[in-house]
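With positions in the sequence shown counted from 1, the corresponding number in the numbering used here is that position plus 1041. Structure first, commentary second.
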Amino acid sequence: MELPTPYSAWHASLPNHSAARGRARGLAARTGRRLWPIVLLMLILVSSAQAAFTLIGLSIDDSATRNIVEGRTLARDLPPVRFPGTLRTADWLLDRPALAATLARHLYPPLERYHVTPQENGTYEVSDLGALRGSFRLVARGEKRRVYLCQGEFRSLAQILKLSGGMVFTLEFRDLQQGGEAYLEVVPQLYLRLDNIVAHGILKVLSPLINGIIDRRVGNLTTATQVVGERMNRDPAGLYREMRSWPDVKPEELEAYRQAFLPDDGAR
């Protein structure tokens, strides 16, 4: 029988450090597993708070839109647009930007150079043959309101001044009655952010020019909206007959119009 030596007896009396370290690691692992869901939830909440913000009552989760609104060069509340019609008509047109642009070109000559082309990624390319070039997309929609993001460039002063940047365009709709007839009022608001740093620095100088450009373009779009809306509301059949002769109206667009506004008309 082997007798314990003084060293072995002393060593056995010491605490088991390996076992203590193992217990500590196990405790840390269990604590980490309990805390990890909490940490993950906090990260998600912080990320969501940074990404989402509210605009005209809609929650917007789009960084490009937020950057323009919060870093805007200019913000404008534009005059309301009123025309005979209903929200149904406005929604139908806004869901078909290319056809809406076609109607505007034919019914309002000042916009005859204005073209909208759908892209595969859900955006729309917009151009008026040189003075304006860019793209836009729907960012959010809710009951009686929409938010659009536009990005691109425009030229003015005989093509001398060239500005690029982004614009957030909001639309709110109100149903009205006037003289026993249904009207729709559209309340637009825009936020503009210019890419040119110099433009930010001389905003006081450029502001009258930029506001003048905005007023002219919005004025044209406003008048076109009123003309198209009134024609669709008061003479949908006559407009349909005209559209049948326009080469830039696709057959499926013509049929969609007929089904929406002339459901009892069997003409093809």
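Glycine included, each C-beta is placed from N, C-alpha and C at the ideal position. Since this is a predicted model, take the numbers as computed values, not measurements.
Sub-8 Å separation of residue 1278 and residue 1303 beta-carbons: Counting from one through the sequence shown, the residue named residue 1278 turns up at place 237. Counting from one through the sequence shown, the residue named residue 1303 turns up at place 262. Yes, these two residues count as a Cβ contact at 8 Å.
Inter-residue CB distance, residue 1183 and residue 1274 (contact presumed, cutoff 8 Å): Along the sequence shown, one-based indexing puts residue 1183 at 142. Along the sequence shown, one-based indexing puts residue 1274 at 233. The beta-carbon distance between residue 1183 and residue 1274, rounded to whole angstroms, is 24 Å. This is too long to meet the 8 Å contact definition.
Bridge partner(s) assigned by DSSP for residue 1216: Locating residue 1216 in the sequence shown gives position 175, where the first residue counts as 1. 1225.
Whether residue 1209 touches residue 1179 by CB criterion (8 Å): Here residue 1209 corresponds to residue number 168 of the sequence shown, with the count starting at 1. Here residue 1179 corresponds to residue number 138 of the sequence shown, with the count starting at 1. Residue 1209 is not a Cβ neighbour of residue 1179, given a cutoff of 8 Å.
Identity of the residues DSSP links to residue 1186 by a beta bridge: Start at 1 with the first residue of the sequence shown, and residue 1186 comes out as number 145. Per DSSP, 1183 and 1213.
Residue 1132, DSSP secondary structure in three states: Here residue 1132 refers to the residue found at position 91 when the sequence shown is read from its first residue. If DSSP states are grouped into helix, strand and coil, residue 1132 belongs with the helices.
Buried or exposed by the 16-neighbour rule on C-beta atoms within 10 Å, applied to residue 1234: Residue 1234 sits at position 193 when you count from the first residue of the sequence shown. So residue 1234 ends up on the buried side.
Alpha-carbon spacing of residue 1130 relative to residue 1116, whole angstroms: Against the sequence shown, residue 1130 aligns to sequence position 89. Against the sequence shown, residue 1116 aligns to sequence position 75. Our two residues, residue 1130 and residue 1116, have alpha carbons roughly 28 Å apart in a direct line.
Helix, strand or coil at residue 1155 according to DSSP, with G and I counted as helix: For the purposes of this step, residue 1155 is taken as the residue at position 114 of the sequence shown. If DSSP states are grouped into helix, strand and coil, residue 1155 belongs with coil.
Cβ pair residue 1188, residue 1211 closer than 8 Å: The residue labelled residue 1188 in the question sits at position 147 within the sequence shown. The residue labelled residue 1211 in the question sits at position 170 within the sequence shown. Yes, these two residues count as a Cβ contact at 8 Å.
Touch test, the segment 1253 to 1269 against the segment 1102 to 1111, Cβ-Cβ under 8 Å, three pairs minimum: The segment 1253 to 1269 vs the segment 1102 to 1111: no contact.
Close beta carbons around residue 1217, own chain, < 6 Å, minus the five adjacent residues each side: Within the sequence shown, numbered from 1, the residue matching residue 1217 stands at position 176. Cβ neighbours of residue 1217 beyond the five flanking positions: 1224 and 1226.
Cβ-Cβ distance between residue 1169 and residue 1155 below 8 Å: The residue you call residue 1169 lines up with position 128 of the sequence shown. The residue you call residue 1155 lines up with position 114 of the sequence shown. Contact flag set, yes.
Coil, strand or helix - residue 1149 by DSSP: Locating residue 1149 in the sequence shown gives position 108, where the first residue counts as 1. Three-state DSSP puts residue 1149 in coil, outside helix and strand.
Nearest-angstrom beta carbon gap, residue 1190 and residue 1106 [assumed within contact, 8 Å]: Within the sequence shown, the letter at position 65 stands for residue 1106. Within the sequence shown, the letter at position 149 stands for residue 1190. Yes, they are in contact, since the Cβ atoms of residue 1106 and residue 1190 sit about 5 Å apart, within 8 Å.
CB contact check: residue 1128 to chain C, cutoff 8 Å: No chain C is present in this structure, which holds just one protein chain.
Collapsed DSSP secondary structure at residue 1355 in the structure displayed: Nothing about residue 1355 can be read from this structure; the chain reaches only from 1042 to 1309.
DSSP beta-bridge partners of residue 1176: By one-based count along the sequence shown, residue 1176 stands at place 135. BP columns for residue 1176 point to 1166 and 1192.
Cross-strand partners of residue 1116 (DSSP beta bridge): The residue labelled residue 1116 in the question sits at position 75 within the sequence shown. Answer is 1232, bridged to residue 1116.
Beta-ladder partner(s) of residue 1123, from DSSP: Stepping through the sequence shown from its first residue, residue 1123 is reached at position 82. DSSP output for residue 1123 lists 1226 as bridge partner(s).
Opposing strand residues paired with residue 1208 [DSSP bridges]: As a first step, residue 1208 is located in the sequence shown; it is residue number 167 there, counting from the start. Looking at the DSSP output, residue 1208 bridges to 1191 and 1233.
Buried or exposed (CB count within 10 angstroms, at least 16 for buried), residue 1305: Within the sequence shown, the letter at position 264 stands for residue 1305. By the 16-neighbour rule on beta-carbons within 10 angstroms, residue 1305 is exposed.
Contacts around residue 1185, its chain only, beta-carbon distance under 6 Å, and the 5 residues preceding and following it disregarded: To locate residue 1185, count along the sequence shown from 1; it is residue 144. Within the same chain, residue 1185 has close Cβ partners 1214.
Best match in 1144, 1140, 1206 and 1250 for proximity to residue 1159 [C-alpha to C-alpha]: Your numbering for residue 1159 matches position 118 in the sequence shown. Of the candidates 1144, 1140, 1206 and 1250, the one whose C-alpha sits nearest the C-alpha of residue 1159 is 1140.
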